[in-house]
Structure formats: C-alpha cells, structure tokens
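**Q** I am attaching a structure below and will ask some questions about it afterwards.
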Amino acid sequence: MKWKQQLFGMKAYQPGKPIEEVKKIFGLDEVIKLASNENPFGSSPKVQQFLQEQQTNHAIYPDGYAQSLRTSLAKFYSVAENELILGNGSDDLIAIITRALLYPGVNTVMADLSFSQYWHNADIEGAEVRKVPLKEGVHDLDAMLAAIDEKTSVVWVCNPNNPTGTIVSDEALSAFLAKVPEDVFVVLDEAYIEYVNDPSYKDTLHYFREYPNLILLRTFSKAYGLASFRVGYGIAQPEVIAKLDPVRAPFNNTVLSQQVAQIALQDQEFIESCRVANEIGKKQYVAFCERHGLNYFPSQTNFIMFEVKADSNVVFEEMMKRGFIIRSGAALGLEGYIRVTIGTEAQNAKFLQLLEDVLTEQGVFA
Ligand SMILES: *Cc1c(COP(=O)(O)O)cnc(C)c1O
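Residue numbering for the sequence shown follows full-length UniProt numbering, starting at 1 and increasing by one per position.
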C-alpha cells in the first residue's frame with residue numbers, strides 16, 4: 001500500500017499506564033496517577049450535579065459550531081465569536097494547525113524539551129522539525145528566532161512549558177513576537193495558564209489582536225478538571241480561524257462535553273481554590289528538593305520536574321510498585337529527572353515519603 005513514508009517506524013503516543021492495570025499487575029488496592037497533570041480535585045461540583053440530572057438525547061449530533069459554549073467563552077474573554085475555534089482537546093487543535101500549515105518542504109521550530117505532539121504531528125505531515133534546546137529550562141526565544149528561515153511555517157511556544165513547568169517572561173515573549181516574520185505562524189500553547197503566578201507574566205490575550213500570525217491555545221483538561229471530555233480552544237483573529245475551521249472535523253466536541261465546559265467556565269471559584277491548593281502542594285515538592293539538594297525547575301503549573309540523581313526509569317518503576325504513576329524523565333528527554341503532577345496535600349506527602357524510601361534504596365541519600 002501507498003503509506004506515507006514518514007509513518008514507517010512511528011509509534012502511537014505512549015500514555016501513562018491506566019490505574020486499573022497498575023492495580024492488577026502489582027496487586028494494589030489504591031493507585032494514584034500523578035502522570036498526566038490532571039486536576040487532583042476533579043472538576044466543579046456544578047459539573048457533577050449537572051451530570052447527574054442531565055437527560056441528553058444521544059441520538060442527535062452535537063452542534064458542530066458549539067454555539068452555546070462559544071458564546072460563553074466569547075463573553076468570558078471579551079472576544080468575538082469568530083475569534084474562537086473549538087477542538088477535541090487542544091491536541092485536536094495542534095493536529096489541525098499542523099495539517100493546515102505543515103507539509104514536505106517547510107519546517108517548524110519548537111523547544112527541546114517541550115510537548116511531544118508538536119513534532120509528532122509535524123513528522124506525520126513530512127515537515128522538517130527544528131528543535132531548539134531550552135536555556136536553563138526555559139524556551140530560548142533568541143535561539144528559536146535564529147532557527148527561523150524563509151521555509152519556516154510554524155513556531156511553537158509552550159508557555160508554561162510541558163514538561164519543565166517553566167515560563168517565558170512577558171518581556172521576552174513580547175520582544176520575540178515583534179521579531180518573528182509576519183508569514184510565520186506562532187502557536188502559544190497555554191494549557192496551564194490558570195496556574196501561573198509569576199508576576200513577570202502578564203495576560204497574553206492582547207497579543208492575538210496585535211499579531212495576525214498568532215493563536216493562543218487553552219484547554220478544559222487541566223485546571224478545569226475535564227480531561228475526559230476533550231475540550232480545548234484557540235483564540236486568534238477571524239482570518240486565522242476561517243483558515244483553520246475547514247480542517248476541523250464537523251462534530252469534534254460532543255453534546256455533553258460542550259455543556260460541561262460551559263458550566264465549568266462559570267465556576268471560577270473552583271479554579272481559584274485549585275490554584276491555592278496547587279501552590280501549597282508545589283511548596284511540598286520544593287521543600288523536598290531543597291532539603292535533599294535535588295535540582296528542580298521552578299514550576300508555574302500543576303506539575304514539577306525535578307532531579308532524582310538515580311535512573312529515572314527505575315524510580316518510575318519503583319514508585320509504580322508503591323502505587324504512584326508518574327513520568328520518567330527518560331521518556332520525556334531528561335534522564336535523571338522525574339515529572340510529577342502536584343496532587344492533594346495528602347497525596348503529595350505520601351508520595352514524597354515513598355520517594356524518600358526509593359531514593360534511599362537507590363543509594364542517593366547517604
Ligand atoms: C495537556 C496538554 C495539552 C493537551 O490538552 P488537551 O486539551 O487535553 O488535548 C496541550 N498542550 C500541553 C502543553 C499540554 O500539557
């Protein structure tokens with residue numbers, strides 16, 4: 001068959017092992033997943049209540065334009081309805097952008113380490129991928145600018161960055177945007193925006209009005225706690241949205257997902273409480289790292305990447321045996337580190353206690 005050449009040797013995204021499977025393999029009663037940066041507090045109680053009471057007719061296709069959710073989002077951000085595009089998670093939007101703008105002969109610039117879907121999708125389209133190493137854990141925007149040439153179609157800025165949790169300052173971002181050529185599309189992936197507390201960060205919403213070559217990506221999967229529903233969205237000028245929209249599948253958000261996202265958006269009190277709890281949790285990890293002299297990346301998100309001074313795959317396996325699923329740094333491109341989603345205070349305390357045992361076993365602590 002006439003498969004695309006680039007599919008040979010490619011593998012599907014490798015997600016963390018599901019909780020039920022880990023329970024079975026290791027004979028555990030309880031397994032806590034701190035691997036995919038989901039919200040440990042679930043979602044707004046208003047969503048739970050709605051789900052118990054709703055009586056959706058599942059025989060009817062969803063509204064492909066997601067009108068009701070679109071109106072809510074437009075109000076929430078004070079943007080026009082035609083400045084929004086909805087995706088089946090922001091993963092869907094990453095694929096849509098890639099399909100619209102990348103093909104053999106053009107290239108795309110991104111950070112290394114960053115979110116794997118940028119290069120995975122670019123590889124499928126046969127575009128050249130240019131990975132620019134992080135500088136002290138942060139996007140090196142000057143080096144990314146230098147990597148851009150006349151064949152560059154898309155530049156990805158993951159802010160805050162997954163997997164390091166770091167952020168580029170507003171000053172650096174604003175200087176970067178001013179220098180990117182007008183015909184290069186910039187994606188600002190802000191999946192963790194709700195968790196940011198760095199004072200050097202300012203709201204980025206105004207940038208999409210200043211730059212017709214920019215899209216902001218946000219999601220209901222992380223702080224809103226709706227990862228299973230798959231709702232993400234992009235904010236860009238109407239001309240950009242009009243180009244991307246034909247690439248989108250006609251019914252890419254389900255009826256229920258549109259409804260719960262709309263309800264969740266209204267409950268900003270829930271988001272605020274998660275933000276507060278996340279700060280407390282983050283301090284538990286930072287204190288652990290400082291006490292043990294382990295390097296960590298300053299996180300602006302609900303996860304933290306830090307050094308374990310041991311084989312990260314071994315630490316990953318040992319923690320899994322003890323009922324915690326995390327991400328090995330080796331799988332994310334940084335051996336000797338792990339990435340852990342910040343859980344509830346009790347989950348973090350238990351995790352760190354077990355990690356201390358594992359690292360002692362591994363001979364890390366004298
Ligand atoms: C989780 C994540 C996404 C994808 O989120 P969905 O909306 O669930 O598809 C996109 N970008 C980054 C950086 C993420 O961490």
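Yeah, the Cβ is synthetic: ideal placement off N, Cα and C, and Gly gets one too.
#1: Roughly how many angstroms lie between the CA atoms of Lys222 and Ser200, to the nearest whole one?
#2: Which word fits Asp203, buried or exposed, when buried means at least 16 other C-beta atoms lie within 10 angstroms of its C-beta?
#3: Thinking just about the alpha-carbon of each residue, which of Asn252, Phe115, Ile85 and Ala59 is nearest to the one in Tyr192?
#4: How do the region 317 to 331 and the region 18 to 28 stand: do at least 3 beta-carbon pairs fall below 8 Å, yes or no?
#5: Sort out for me which residues DSSP pairs Tyr296 with in a bridge.
#6: Quick check: the Cα distance between Asp142 and Val106, rounded to an integer number of angstroms?
#7: If we count Cβ pairs, one from each stretch, closer than 8 Å, do we get three or more for the region 262 to 271 versus the region 298 to 318?
#8: Would you kindly work out how many angstroms separate the C-alpha atoms of residue 368 and Val247, rounded to a whole number?
#9: Tell me Tyr211's beta-bridge partners as DSSP assigns them.
#10: At 4 residues or longer, and completely inside the region 23 to 102: list those alpha helix (DSSP H) runs for me, N to C.
#11: To the nearest whole angstrom, what separates the beta carbons of Leu34 and Val340, a pair I think is in contact under 8 Å?
#12: Report the partner residues of Tyr224 according to the DSSP bridge assignment.
#13: Does Trp3 come out as helix, strand or coil in the three-state DSSP assignment?
#14: What do you reckon, is the C-beta of Tyr195 under 8 Å from a heavy atom of ligand 1?
#15: Less than 8 Å between the CB of Phe115 and some heavy atom of ligand 1, yes or no?
#16: Three or more C-beta pairs closer than 8 Å, one from the region 64 to 79 and one from the region 125 to 145: is that the case here?
#17: Evaluate the contact criterion for the region 274 to 285 versus the region 82 to 91: three or more CB pairs, one atom per stretch, below 8 Å.
#18: From what residue to what residue does the alpha helix (DSSP H) around Ala146 run?
#19: Do you know how far the Cα of Glu38 is from the Cα of Thr56?
#20: Please tell me whether, using a cut-off of 8 Å, the distance from the CB of Leu69 to the nearest non-hydrogen atom of ligand 3 is below it.
**A** Taking the definition as stated:
#1: 22 Å
#2: exposed
#3: Phe115
#4: yes
#5: Phe306
#6: 20 Å
#7: no
#8: In this structure the chain extends from 1 to 366, so residue 368 is not present and cannot be described.
#9: Tyr211 pairs with nothing; no bridge assigned.
#10: 45 to 53, 67 to 77 and 90 to 101
#11: 5 Å
#12: Looking at the DSSP assignment, Tyr224 forms no beta bridge with any residue, so it has no partner.
#13: coil
#14: no
#15: yes
#16: no
#17: no
#18: Leu141 to Ala147
#19: 26 Å
#20: Because ligand 3 does not appear in the structure shown, any question about it cannot be addressed here, the ligands present being ligand 1.
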